[in-house]
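S.K.: Heads up: the sequence shown begins at 521 in the numbering used here, then just goes up one per residue.
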Amino acid sequence: MKNLQILIILSLFIGGLSACMADDIPSLDSVDNTQTITPQIVEVDATDANFAASQPYTLLPSEMPIIRMDKTDENAPRKIIRTPEGANELDLETPLRCNVNWETQQMILTLPYTASAFKLERNGINNPLPRFEVTGFSFDMMPTEQAIVKLTKEAGIRVSSADGPYTSISATDLKGELSAVIKMMADSAGIYYQYDAKEKVLTLSRHANMTLYTPHSRPILLGLLDVIRGAGITNIVTNWADYSITFDADMETKNKMVELINTFENNPTLIAYDVSVFRLYPYDQLHDIEWKEMLKAFDFGSITTAQSGVIGRILTTSNDINIETLQKFLGNQAQVQLVSEGKFVVPNLWMARFDIGKCSQAKANSYGLSVLAKASLEKNNNIFSDITLEETNGQVTSFKIRNKLGDNFLIIGLPNELFGIKSPKSETIIFMVPRIIRTLKTNEKIKNKI
Numbered sequence: 521m522k523n524l525q526i527l528i529i530l531s532l533f534i535g536g537l538s539a540c541m542a543d544d545i546p547s548l549d550s551v552d553n554t555q556t557i558t559p560q561i562v563e564v565d566a567t568d569a570n571f572a573a574s575q576p577y578t579l580l581p582s583e584m585p586i587i588r589m590d591k592t593d594e595n596a597p598r599k600i601i602r603t604p605e606g607a608n609e610l611d612l613e614t615p616l617r618c619n620v621n622w623e624t625q626q627m628i629l630t631l632p633y634t635a636s637a638f639k640l641e642r643n644g645i646n647n648p649l650p651r652f653e654v655t656g657f658s659f660d661m662m663p664t665e666q667a668i669v670k671l672t673k674e675a676g677i678r679v680s681s682a683d684g685p686y687t688s689i690s691a692t693d694l695k696g697e698l699s700a701v702i703k704m705m706a707d708s709a710g711i712y713y714q715y716d717a718k719e720k721v722l723t724l725s726r727h728a729n730m731t732l733y734t735p736h737s738r739p740i741l742l743g744l745l746d747v748i749r750g751a752g753i754t755n756i757v758t759n760w761a762d763y764s765i766t767f768d769a770d771m772e773t774k775n776k777m778v779e780l781i782n783t784f785e786n787n788p789t790l791i792a793y794d795v796s797v798f799r800l801y802p803y804d805q806l807h808d809i810e811w812k813e814m815l816k817a818f819d820f821g822s823i824t825t826a827q828s829g830v831i832g833r834i835l836t837t838s839n840d841i842n843i844e845t846l847q848k849f850l851g852n853q854a855q856v857q858l859v860s861e862g863k864f865v866v867p868n869l870w871m872a873r874f875d876i877g878k879c880s881q882a883k884a885n886s887y888g889l890s891v892l893a894k895a896s897l898e899k900n901n902n903i904f905s906d907i908t909l910e911e912t913n914g915q916v917t918s919f920k921i922r923n924k925l926g927d928n929f930l931i932i933g934l935p936n937e938l939f940g941i942k943s944p945k946s947e948t949i950i951f952m953v954p955r956i957i958r959t960l961k962t963n964e965k966i967k968n969k970i
C-alpha cells in the first residue's frame, strides 16, 4: 500500500512538471506561423498531391480512392470509397468479344490487311541528344546510371534514374557519337532513356509507355490484345477509333511486340476460339454427372478422343456434339447455368489469354478463371492446341490436344469447389470451337476491292 501511494504521488508530480514544461514551449504560430488545426471530420481526395506524396506506393489515377477519416482518432477505421463495380465492368471490347454466333460459324476466314499499318512508337518527350563525339571511354563493372553520369558530365547533362539501380556493366575504349554510345549502354542494361533538351535531363527507366498502331481490322486487334494479355501485360488502353494499343513495356516486352509485328510480314495464320463456360448443378446432389451416358446419347465416333489433365478431362468431338445438343443432353441431369461466352484470337505459335469474367453473364459469379491457348497450324488444317486453365490462385490444369478443323473441345470435370462454390457434385465445363483466320498482306488499293 505504501508503494502504491508513492507511485501515485510520483505520477502527479510528473504530470505537473509536464504541464509546466508545456507552458515554456513556443506556440506553433511562433515557429512556422501556422494556426492550430481543430479536430474535425474531413474528406481527403487521394488525387491531391500532398496526400499522394504521403503514400508508401504510387496510386494510379483509376485506383485512387476517396478516404473518409476522423482526425480526432488515429485508430478509427477508415471508410474507403471506390469506383462502383458497374462502372468498372464497362468494357469496350464486349460487343466484339462476347458475341458468338453458333449457328453460322465460318471455319475459315480470309482477312486482308495493309502491312504498313503496323507501327510501334514511344510516348513522351524524347529529343535528340546533343552532337558530341566520344573517344576512349572506359569503365569497369559500374552501375549503368553511374557510367552514364560519368559520360555526360562534360556535356552538362543531368541524369535522372527513375527505378535504379541498374545492371553493372563494363566497357573499354568506347567511340562514336554520344547518342550511339548511350544507346549501346542502355541496351546492354535492358533499360530505356529519354532526353529532354529544354531541361537538359536524361531520364533512365526499366519501362516505357508505348503505342502500337495496327491495321484497321477488329480480328487482328483482338488477337494482339489477347497476345499482350497472354504475356501478362494488363495495364493497356485500347483506342478503337485509330486501332491502337497503349501500354507500359520493359525491354523484353518491347522486343516481343517487335517480333509479333514482324510475323505479320509472312501472312500469318490466326487461330480463333469460340468459348462457352457452363456451371452444372445435378438434380441429384448425391451423384456426379453421368458423362458415360454421352456414349448412348450420341452415335459412336461423335467423341474421338478423351484425355485426362491434372484435374478434369478434355474430349474431342465431332460437330454432332455442338452447343445445342450438349445443352439438351445435360438438361436431363442437371441445371445448366451459362457463366460466360466469347471469343479470343491467337496468332500461329503464340499464346493468348481469355478472361471469362470479361464476358460473364449478369448475376453469374464468373470467378477469376482464364483460358490460355498456344496454337499451331499443321498440315491438312490440323490444329495443335496447348490449353491452360488458370484461376486467381494459380494454374488449375492444362491439356495438349490435336484436332482437325471442324472438331470441338469439351473440358469436363472441374469441381466448382475449385472456385469457392460449395455445392455438392456441381462442376464447371468449357466448350471450345477452334477456327482459322488466314491473313493476306496487300496494299490499300487492292484491300478495298477484296
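Don't be surprised by glycine CBs; every beta carbon is placed ideally from N, CA and C.
Is it right to say Leu629 is buried, meaning 16 or more other beta carbons lie within 10 angstroms of its own, or is it exposed?
M.R.: One-based indexing of the sequence shown puts residue 629 at position 109. Here Leu629 is exposed: its Cβ has fewer than 16 other Cβ atoms, across all protein chains shown, within 10 Å.
S.K.: Which two residues bound the contiguous beta strand (DSSP E) that contains Lys639?
M.R.: Translated into the one-based positions of the sequence shown, residue 639 becomes position 119. For Lys639, the enclosing beta strand (DSSP E) has its first and last residue at 639 to 642.
S.K.: Based on the DSSP output, what are the partners of Gln857 in its beta bridges?
M.R.: For the purposes of this step, residue 857 is taken as residue 337 along the sequence shown, with counting starting at 1. Looking at the DSSP assignment, Gln857 forms a beta bridge with Arg799.
S.K.: On the premise that Phe874 lies in contact with Gly888, defined as a C-beta separation below 8 Å, what is that separation, rounded to the nearest angstrom?
M.R.: Taking the sequence shown and counting its residues from 1, the one referred to as residue 888 is at position 368. Taking the sequence shown and counting its residues from 1, the one referred to as residue 874 is at position 354. Actually they are not in contact, since the Cβ atoms of Gly888 and Phe874 sit about 13 Å apart, beyond 8 Å.
S.K.: Give me the Cα-Cα distance between Gly644 and Phe904, rounded to the nearest whole angstrom.
M.R.: Taking the sequence shown and counting its residues from 1, the one referred to as residue 644 is at position 124. Taking the sequence shown and counting its residues from 1, the one referred to as residue 904 is at position 384. Annotation: Gly644 to Phe904 spans about 42 Å, alpha carbon to alpha carbon.
S.K.: Keeping to the same chain, check which residues put their C-beta closer than 6 Å to that of Lys924; ignore five residues upstream and five downstream.
M.R.: One-based indexing of the sequence shown puts residue 924 at position 404. These residues qualify, in order along the chain: Asn902.
S.K.: Would you mind working out which of Ser725, Asn646, Ser690 sits nearest Ser699, comparing C-alpha positions?
M.R.: The residue you call residue 699 lines up with position 179 of the sequence shown. Selected option, being the one with the closest Cα: Asn646.
S.K.: Grab me the residues of Thr758's own chain with a C-beta within less than 6 Å of its C-beta, minus the 5 sequence neighbours each way, in chain order.
M.R.: The sequence position of residue 758 within the sequence shown is 238, counting from 1. Cβ neighbours of Thr758 beyond the five flanking positions: Ile765.
S.K.: Measure from the alpha carbon of Leu846 to the alpha carbon of each residue in Val797, Pro615, Val830, then state which is nearest.
M.R.: By one-based count along the sequence shown, residue 846 stands at place 326. Per the Cα distances, Val797.
S.K.: Name the DSSP bridge partner or partners of Arg873?
M.R.: For the purposes of this step, residue 873 is identified with residue 353 of the sequence shown, where counting begins at 1. Bridge partners of Arg873: Leu892.
S.K.: Grouping DSSP H, G and I as helix and E and B as strand, with all else coil, what is Pro867?
M.R.: Numbered from its first residue, the sequence shown carries residue 867 at position 347. Under the three-state reduction of DSSP output, Pro867 falls in the strand class.
S.K.: Report back the beta-carbon spacing between Tyr712 and Ala691 to the nearest angstrom; my notes put them in contact at under 8 Å.
M.R.: Looking up residue 712 in the sequence shown gives position 192. Looking up residue 691 in the sequence shown gives position 171. With 8 Å as the limit, Tyr712 and Ala691 do not qualify as a contact, their Cβ atoms being about 19 Å apart.
S.K.: Do the stretch 825 to 837 and the stretch 646 to 657 make contact, defined as three or more Cβ pairs closer than 8 Å?
M.R.: no
S.K.: Does the Cβ-Cβ distance between Arg955 and Asp794 come in under 9 Å?
M.R.: On the sequence shown, position 435 is the one that residue 955 refers to. On the sequence shown, position 274 is the one that residue 794 refers to. Contact flag set, yes.
S.K.: Looking only at its chain, what residues have a beta carbon closer than 7 Å to the beta carbon of Cys681, apart from the 5 residues adjacent to it on each side?
M.R.: For the purposes of this step, residue 681 is taken as the residue at position 161 of the sequence shown. For the sequence presented, residue 681 should be read as Ser rather than Cys. These residues qualify, in order along the chain: Glu665, Leu724.
S.K.: Closest by CA to Thr614, which one among Cys879, Arg678, Asn775, Leu892?
M.R.: Here residue 614 refers to the residue found at position 94 of the sequence shown. It is Cys879.
S.K.: Under DSSP, the beta strand (DSSP E) around Gly656 begins and ends at which residues?
M.R.: Numbered from its first residue, the sequence shown carries residue 656 at position 136. 653 to 663 is the span of the beta strand (DSSP E), which, as asked, contains Gly656.
S.K.: In chain order, which continuous runs of the alpha helix (DSSP H) of length 4 or greater are located wholly inside the stretch 798 to 829?
M.R.: 814 to 817
S.K.: Could you tell me the alpha carbon to alpha carbon distance between Lys520 and Leu960, rounded to whole angstroms?
M.R.: Absent from the model: residue 520. The displayed extent of the chain is 521 to 970, so no value can be given.
S.K.: Which residue wins for smallest C-alpha separation from Arg617, given the options Leu745, Ser688, Ala895?
M.R.: Indexing the sequence shown from 1 puts residue 617 at position 97. That would be Leu745, whose Cα lies nearest to the Cα of Arg617.
S.K.: Compare the C-alpha of Arg833 against each of Lys816, Leu930, Phe864 and name the closest.
M.R.: The residue you call residue 833 lines up with position 313 of the sequence shown. Minimum Cα distance to Arg833 is reached at Leu930.
S.K.: Compute the Euclidean distance between the alpha carbons of Glu898 and Asp804, then round it to the nearest angstrom.
M.R.: Taking the sequence shown and counting its residues from 1, the one referred to as residue 898 is at position 378. Taking the sequence shown and counting its residues from 1, the one referred to as residue 804 is at position 284. If you take the alpha carbons of Glu898 and Asp804, they lie about 44 Å apart.
S.K.: Looking at Ile791 and Ile600, is the spacing between their C-beta atoms short of 9 Å?
M.R.: In the sequence shown, residue 600 corresponds to position 80, counting from 1. In the sequence shown, residue 791 corresponds to position 271, counting from 1. No, these two residues do not count as a Cβ contact at 9 Å.
S.K.: Go to Glu779, then tell me how far its alpha helix (DSSP H) extends in each direction, as first and last residue.
M.R.: Numbered from its first residue, the sequence shown carries residue 779 at position 259. 771 to 783 is the extent of the alpha helix (DSSP H) around Glu779.
S.K.: Flag this pair as touching only if the stretch 736 to 752 and the stretch 849 to 867 have three or more C-beta atom pairs under 8 Å; answer yes or no.
M.R.: yes
S.K.: Under the assumption that Ser918 contacts Thr908 (Cβ atoms under 8 Å), give the Cβ distance between them as a whole number of angstroms.
M.R.: Counting from one through the sequence shown, the residue named residue 918 turns up at place 398. Counting from one through the sequence shown, the residue named residue 908 turns up at place 388. Ser918 to Thr908, Cβ: 4 Å. Contact.
S.K.: Could you give the distance in angstroms between the alpha-carbon of Leu579 and the alpha-carbon of Phe849?
M.R.: Looking up residue 579 in the sequence shown gives position 59. Looking up residue 849 in the sequence shown gives position 329. Caution is warranted here: a pLDDT of 41 is assigned to Leu579, below 50, making its placement in the model unreliable, and the coordinate value is therefore given only provisionally. Going from the Cα of Leu579 to the Cα of Phe849 covers about 50 Å.
S.K.: Looking at the structure shown, is Ile932 part of a helix, part of a strand, or coil, going by DSSP?
M.R.: Sequence index remark: in the sequence shown, residue 932 carries index 412 (1-based). Correct three-state label for Ile932: strand.
S.K.: May I ask you to report which of helix, strand or coil DSSP gives Glu719?
M.R.: For this step, residue 719 is matched to residue 199 along the sequence shown. In the displayed model, Glu719 falls within coil according to three-state DSSP, outside both helix and strand.
S.K.: With DSSP collapsed to three states, give me the class of Thr630.
M.R.: Looking up residue 630 in the sequence shown gives position 110. Three-state result, Thr630: strand.
S.K.: Please report the straight-line C-alpha distance between Ser860 and Leu612, rounded to a whole angstrom.
M.R.: For the purposes of this step, residue 860 is taken as residue 340 along the sequence shown, with counting starting at 1. For the purposes of this step, residue 612 is taken as residue 92 along the sequence shown, with counting starting at 1. Going by the C-alpha atoms only, they are around 17 Å apart.
S.K.: Just how far apart, CA to CA, sit Arg642 and Ile841?
M.R.: Taking the sequence shown and counting its residues from 1, one reaches residue 642 at position 122. Taking the sequence shown and counting its residues from 1, one reaches residue 841 at position 321. Each residue's Cα considered, the two are about 48 Å apart.
S.K.: Beta-carbon within less than 7 Å of Ile557's beta-carbon, same chain only, minus the 5 sequence neighbours each way: which residues are those?
M.R.: For the purposes of this step, residue 557 is identified with residue 37 of the sequence shown, where counting begins at 1. In this predicted model, Ile557 has a pLDDT of only 32, less than 50, meaning its place in the structure is not dependable enough to derive any value.
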